[in-house]
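**Q** Have a look at the structure that comes next, please.
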Amino acid sequence: MSKSLFTSWKKLLQNKAVLWAFIVALTATLGSLFLSEIAGYEPCKFCWLQRIFMYPLVFVLGVALFGKARDVAKYVKPLSIVGGILATYHYYIQINPNALAPCTSVGFSISCSERFFTYYGYITIPWMSLTAFLLITLLMFLSLKLGNKKAKN
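Per the working numbering, the very first residue in the sequence shown carries number 5; after that it's consecutive.
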């Protein structure tokens, strides 16, 4: 049972890891724009930093996807790993608001510990950001691994 499940996942991801990473990055980018521009949630400083690392991924992955670039992982992994680290720290600040007292209302933005919503007791905007960065990083590692196996055959 588990071997067939692994085979079906491998078949789904093989040659499509960049496409899936592009879809994740595009969804995260459009989602963040929706939350700030349409829903009216003002982004804090850490939200802006995460955007700095997520938004370029759409363009890098899009160019790689439509240009058939094979070495995109070396450009995507640093952005997604640093973005994931920022998202992890931001989530930590939200679950422990006393951890970063100086971050409260830094002139132009709201507090980094502000929670606009919480689903299932733990899913917040930084958690969704972290999930997107982790998925993109995982997909890039998978694309390298599957690509290397393909090159050896």
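Beta carbons are placed, not taken as given, at the ideal position from N, Cα and C, and that holds for glycine.
What did DSSP end up calling residue 100 once you bin it into helix, strand or coil?
**A** Coil, per DSSP.
**Q** Taking the alpha-carbon positions, what's the residue 36 to residue 97 distance?
**A** So the alpha carbons of these two residues sit roughly 19 Å apart.
**Q** Measuring CB atoms only, is the segment 133–146 touching the segment 73–90, in the sense that at least three cross pairs come out at less than 8 Å?
**A** Yes: at least three Cβ pairs fall under 8 Å.
**Q** Residue 128 by DSSP, collapsed to three states: which one?
**A** In this structure, residue 128 counts as coil in the three-state DSSP scheme.
**Q** Please report the Cβ distance between residue 94 and residue 50, rounded to the nearest whole angstrom; I am assuming they are in contact, meaning their Cβ atoms lie under 8 Å.
**A** The Cβ separation is near 4 Å, so the contact holds.
**Q** Look up residue 51 in the DSSP assignment and say whether it is helix, strand or coil.
**A** Residue 51: helix per DSSP, three-state reduction.
**Q** Suppose contacts are defined by Cβ-Cβ distances below 8 Å. Is residue 59 in contact with residue 33 by that definition?
**A** Result yes, Cβ atoms of residue 59 and residue 33 sit closer than 8 Å.
**Q** From residue 47 to residue 129, what distance separates their C-alpha atoms?
**A** Residue 47 and residue 129: Cα-Cα distance of roughly 10 Å.
**Q** Quick test of your reading: residue 148 and residue 77, contact by CB under 8 Å. State the CB separation rounded to the nearest angstrom.
**A** At roughly 5 Å, the Cβ-Cβ gap stays under 8 Å, so residue 148 and residue 77 are in contact.
**Q** If you drop the 5 nearest sequence neighbours on each side, which residues of the same chain put their C-beta closer than 6 Å to that of residue 21?
**A** Closer than 6 Å at Cβ, skipping near neighbours: 143, 146, 147.
**Q** Does DSSP classify residue 59 as helix, strand or coil?
**A** Reduced to three states, the DSSP call for residue 59 is helix.
**Q** Quick one, are the C-beta atoms of residue 91 and residue 137 less than 8 Å apart?
**A** Contact: yes.
**Q** How many angstroms separate the CA atom of residue 66 from the CA atom of residue 73?
**A** If you take the alpha carbons of residue 66 and residue 73, they lie about 10 Å apart.
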